[in-house]
Every structure is written in C-alpha cells, then in structure tokens.
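Input: a single structure, listed below in structure tokens.
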Amino acid sequence: MGGTRIVATGSTPQSLVWLGDLLVDPVGLCRSWDVDGVGRDGHMGFGGLFDRAAASPSGGHVVLYAERGTKAIVVDMRASFPRVVRELDRSFYQAETSDYPVAVGRLRDGREVVAHCPDRYAVVEIEELESGRRLTEGPRDGDQDIFHSRLEFSPGGRHLLSVGWLWGPAGVARVFDAERALVEPSILDGGGEVDALSPIADTEITAGCLLDDDRVVLATGVENFGDSGSEPAVGARELATWSLSRGTWLGHARVDHPVGATLMAYGDAVLTFAGHPRLVSVGTGDVLAEWPEVAVDAKDTVFGATHVPSPVVALHREHGILAVAQECSLALIDLPALPTDPP
39 MGGTRIVATG STPQSLVWLG DLLVDPVGLC RSWDVDGVGR DGHMGFGGLF DRAAASPSGG
99 HVVLYAERGT KAIVVDMRAS FPRVVRELDR SFYQAETSDY PVAVGRLRDG REVVAHCPDR
159 YAVVEIEELE SGRRLTEGPR DGDQDIFHSR LEFSPGGRHL LSVGWLWGPA GVARVFDAER
219 ALVEPSILDG GGEVDALSPI ADTEITAGCL LDDDRVVLAT GVENFGDSGS EPAVGARELA
279 TWSLSRGTWL GHARVDHPVG ATLMAYGDAV LTFAGHPRLV SVGTGDVLAE WPEVAVDAKD
339 TVFGATHVPS PVVALHREHG ILAVAQECSL ALIDLPALPT DPP
C-alpha cells in the first residue's frame, strides 16, 4: 500500500488540479504545492462564485465552475498572473439539483477543447477552449430526457463520456464519438455508442470513466428502475467494462462497497471515493489498496435535491500521486505501482 503524507495548508483547499508537477488550488487564490508537498502562497482570486476546477491536458488553462450553479470561466494559467479568457454558462433549469457538465480535452490534432451545455441542458457542445469557436454547429434536436452532468474526454480525445440522469430520477451514461461529432454534431443527441449497442436497461449508473481511447468503465448502483422483464446486461453494484472498438462487454465485476459518483482511471484499475479513497480492480472488483484515514464525504449520484459536494481530488498519473483535500490540510497519497493487467 502506498504511503500518505499530510501537508498542513492553513485553510481547506477548495479545488485541486495538477498543472505539470505543480498542484494548484485555482479557486483558493491559486496557491500551489510541488510533488513533495512544499507550498507556495497564491494571490489571485476570482470571487466566491466558483467551487471546482478542471485543467486542460497541457496545463495552460483551467475552467473554474460552480458545481451547482450556472457560471464558469476559462482562465489562462500561463502568465505570471492568471487571466480570465472567457465566460461559460449553462441553463438554470435544474442546475441546483445537477452537477455542472464540463470537460476539457485535447483532440488528436492537438487542439484543446471544452465540452459543456451552453444553450440547453440536454445538448452537449464542443468548442475550442480559448477562442470559444463552436465545433459542433448544425441542426440539433437534443435528447430532452437527459440531464448531462459529469463529462469526460478520453485521454486521446477520441470519445466523450457523459454521466447524467433521467427523470425518475435515475442515473444514466452515454459515450459519444467526439471526432465524428465534429462533422456530425447530431450524434451527441442520441443514445451514444454503449447505450445504442447494449443498453443497461434496468440498472442505474452512478459513475463512469474512460481507461483509454477504447475502454469505458461504468459503475452501477443498487437501484433497479426498469420493468422490461428481462435480465439486465449488468447487475447492481458492479464495475462494467465496455470496448468501444469491439462493441462488447469485456467483463463486469461485483464490488462489495459503495462506489459513489466519482470514478478516476489509474491503469487498469479505478479510484473510488465513497467514504475514503480506494483503488479497485475493474477485472475482479477487488480492493487493491485503500486509505480509510483519508476521509471523503460519500456522494452517491451526480444529481439530487440535497447537494453533497464532489470530493476535491487530483491525480498525477505519471508520478502516481493522488491529492485529496482535507480540513485545513492536504493528503498526498503515493499510489501502488500502476496496475496493467487487462480486465
């Protein structure tokens, strides 16, 4: 099991992103720490509206947003003093009950982009991150049943994952071909690649992540909301891995603990954050390592009338360091060697 270093921070970190080898709290005055936990004061604030941050793959920009609000900003972090480039918005409808849908990624041609829902809650758009030029212009219908909440690009920018919800409410997921969406934007309004080929008809999805440009892992909860009468493709409280190139399930594993609403890929395993961080094999569902001394609020879904804030965490995959905000401190977890066995 990897060790844990506790770094006193004076006040509780409000947001965490890795910009290269520097861990930054953009919401908290842009203070920062290096990989050894040595801190540096920050002096750049953006008001009290935002509570979460997402970093671009290059580390040149961050998006600050209000998790249960309607506002976000794109900030250029490359200068001595961070500079607001532009503002983002989302629909106010159900914003107070649904996490803000936003993801930053890099396409295979090198362009950094942002995916969000600027016009309608059910319509995902992809834009150039800094310029704001929309890359998904065209007729759009929109799946008016889905609320997109947690968006994520695959590492190579090929696919876009959306974990959201339908009225019921019930958690669902969609995976879209982001490259195809640039020439055929309407595919972002459909069921996506996984749902269209092998829908999880009766089991609620609480979280998901993309291991790479081919494999998506979906976590199911305990709720069964279908009435199809048939056996669901994936059961309750499982980690299910789907191959986008093969169009089939690679496997699914039962997990004996709550997974929660946040899932992060780490090799061929995932990090979960219900109560405390755990490293879980997607092939077997076994807990490979866990850190019960690092407390994290249990958040079950990306929606709900009662807002449980998402954990403030950031993963440095190259160094194998997981940063977790604690009360007036920072936990730096040295993860075990990167799991590489296929599921």
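Each number in our numbering corresponds to the 1-based position in the sequence shown with 38 added.
Even for Gly, the Cβ is constructed at its ideal location relative to N, Cα and C.
In the structure shown, Ala219 adopts helical secondary structure according to DSSP, grouped into three states. Fully contained in the segment 117–195 are the following beta strand (DSSP E) runs of length 3 or more, in chain order: 121–127, 140–144, 150–154, 163–166, 184–191. Annotation for Ala245: the continuous beta strand (DSSP E) segment containing it runs 241–248. Contact check between the segment 331–351 and the segment 190–208: three or more CB pairs, one atom from each, fall below 8 Å, which counts as touching. By the Cβ criterion, the segment 126–135 is in contact with the segment 153–160, since at least three pairs of Cβ atoms, one from each stretch, lie closer than 8 Å.
Annotation: Ser136 to Ser187 spans about 6 Å, alpha carbon to alpha carbon.
Assigned with DSSP and collapsed to three states, Glu231 falls in helix. Rounded to whole angstroms, Ala312 and Asp372 show a C-alpha spacing of 19 Å. Between Phe84 and Ile44, the C-beta gap is not smaller than 9 Å, which leaves the two residues out of contact. Look at the beta carbons and you see the segment 212–227 touching the segment 161–175: at least three pairs across the two are nearer than 8 Å. Taking a 10 Å sphere around the C-beta of Asp59, we find fewer than 16 other C-beta atoms and assign the residue as exposed. Scanning its chain for C-beta atoms nearer than 6 Å, with the 5 sequence neighbours on each side dropped, one finds no residue around Tyr304. If the five residues before and after Arg69 are omitted, its C-beta is found closer than 7 Å to the C-beta atoms of Asp63, Gly77, Arg78, Asp79, Gly80, all from its own chain and listed in chain order.
For Ala104, no beta strand (DSSP E) run applies, since DSSP gives it neither H nor E.
Ranked by Cα distance from Arg116, the first of Glu168, Gly75, His154, Gly143 is Glu168.
In this structure, Pro315 sits away from Leu282, with a CB-CB distance that is not shorter than 9 Å. By the neighbour-count criterion, in which 16 or more other beta carbons inside 10 Å mark a residue as buried, Ala375 falls on the exposed side. Less than 9 Å divides the Cβ of Gly98 from the Cβ of Asp114. Within the same chain, Cβ atoms closer than 8 Å to the Cβ of Ala104 are found at Leu87, Phe88, Asp89, Arg90, Ala110, Tyr138, the five residues on either side in sequence being excluded.
Note that the C-beta distance between Gly230 and Phe214 is below 9 Å. Rounded to whole angstroms, the separation of the alpha carbons of Gly66 and Arg121 is 15 Å. Between the C-alpha atoms of Val55 and Thr279 there is a straight-line separation of about 27 Å. If you look at Ala93, you'll find it in the beta strand (DSSP E) that goes 90–93.
Under the three-state reduction of DSSP, Ser283 is assigned to coil, being neither helix nor strand. For Trp56, the uninterrupted beta strand (DSSP E) run begins and ends at 55–57, by DSSP. By the neighbour-count criterion, in which 16 or more other beta carbons inside 10 Å mark a residue as buried, Val362 falls on the buried side. With a threshold of 16 other beta carbon atoms within 10 Å, His357 falls short and is exposed. The beta carbon of Asp127 lies closer than 7 Å to those of Thr108, Lys109, Pro156 in the same chain, with the five residues before and after it left out. Ranked by Cα distance from Gly321, the first of Leu288, Thr310, Trp329 is Leu288. DSSP assignment within the segment 303–370 yields the following whole beta strand (DSSP E) runs of 3 residues or more, N-terminal first: 307–310, 316–319, 325–328, 351–354, 359–364. In the DSSP assignment, Thr42 falls within the unbroken beta strand (DSSP E) covering 42–46.
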